[in-house]
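**Student:** All residue numbers for the sequence shown refer to our numbering, where the first residue is 218 and numbers rise by one. Glycine included, C-beta positions come from ideal geometry on N, C-alpha and C.
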Amino acid sequence: MKSCASSIATPGELQAYRKAYSKFGEACILEIIAEKGDDAFYTGELADLIVKDIHDKVIGHNGNALAMISTINLYFGSMVFGTETDIIYNNQINDFSTLNTTNFFGVPACLANYITPGKRPSSSIVPLIMFDQNNPHVLEVLNANGGTKITTTTAQVVMLNLWFRKDIRQAINTPRLHSQLLPEEVLAECGFNQTILEQLKKLDHNIQCGVYRRSIVQSIE
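(1) What does the Cβ neighbour count give for R337, buried or exposed, with the cut at 16 atoms within 10 Å?
(2) One question on the structure: do I367 and S432 come within less than 7 Å of each other, judged by their Cβ atoms?
(3) Jot down the residue ranges of each uninterrupted alpha helix (DSSP H) in the segment 378-411, minimum 4 residues, whole runs only, in chain order.
(4) By Cβ distance, which residues of its chain are closer than 8 Å to N423, with the 5 residues on each side in sequence left out?
(5) What first and last residue would you give for the beta strand (DSSP E) that runs through V435?
(6) Just list the residues that DSSP pairs Y331 with in beta bridges.
(7) Using the DSSP secondary-structure output, state which residues sit across from G277 in a beta bridge.
(8) Would you report the Cα separation of L399 and N279, rounded to the nearest angstrom?
(9) To the nearest angstrom, how far is the alpha carbon of Y429 from that of T369?
(10) CB-CB under 6 Å to S220, same chain, minus the five flanking residues each way: which ones, in chain order?
(11) Rounded to whole angstroms, what is the Cα-Cα separation between C407 and S396?
(12) Compute the Euclidean distance between the alpha carbons of L379 and Q309, then round it to the nearest angstrom.
(13) Using a Cβ-based criterion (distance less than 6 Å to any ligand heavy atom), does A284 qualify as near the ligand SAM?
(14) Is it right to say E248 is buried, meaning 16 or more other beta carbons lie within 10 angstroms of its own, or is it exposed?
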């Protein structure tokens, strides 16, 4: 993290960011909470300040940008935490394949993904930084979670934003489709375009509509 941060700011700028963040944390938030009480968390004021602060940390004044992701894999990881540290242990090992089993995301076992000492499991993470091809300028920093839904979610959000000219909020909030080849089904979120679903059914796709574990997207423009 230190080396990544150093690549988008000078040591002096990093120190200034730390001071600004400290001042922000100790003054602005407390002042708003003192004035608004519990409502401060629901009016959007705190969120706006925090998002602006994150933006300043992720996109430097010189145009360099940073996208990263960390995970404990599933909800509450392995559901085990250290009794002394209270750290929640991850269950990243679920992303490996085990003979004759299907993982949490419905992916069947694959020989190339079997557990081997020193090996990393397959992953769907796609932290994304988009640039304008005609201008060396960062258009967007985007990331998502949700296991196998990460790839399809990222592709759809980018498509809606760049091709269909929806603003990033609309692109993220639009209902999505998901297919990961196996099992042979297409998951459609409630509210997805019915015309598209009918056309997919005509092509013999197995459409499953409903409320599913959704991929969550974070983006900075």
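**Tutor:** Quick look at the numbers:
(1) Residue burial annotation: R337 is exposed, with fewer than 16 other C-beta atoms found within 10 angstroms of its C-beta.
(2) yes
(3) List check, alpha helix (DSSP H) in window: 385-390.
(4) E401, E402, V403
(5) According to the sequence displayed, residue 435 carries Gln and not Val. 434-437 is the span of the beta strand (DSSP E), which, as asked, contains Q435.
(6) S314
(7) According to DSSP, which records beta bridges pairwise, G277 is partnered with nothing at all.
(8) 44 Å
(9) 14 Å
(10) Bear in mind that a pLDDT of 46 at S220, under 50, signals an unreliable position, so the model cannot answer this.
(11) 15 Å
(12) 33 Å
(13) The model on display carries no ligand, and the ligand SAM is accordingly not part of it.
(14) exposed
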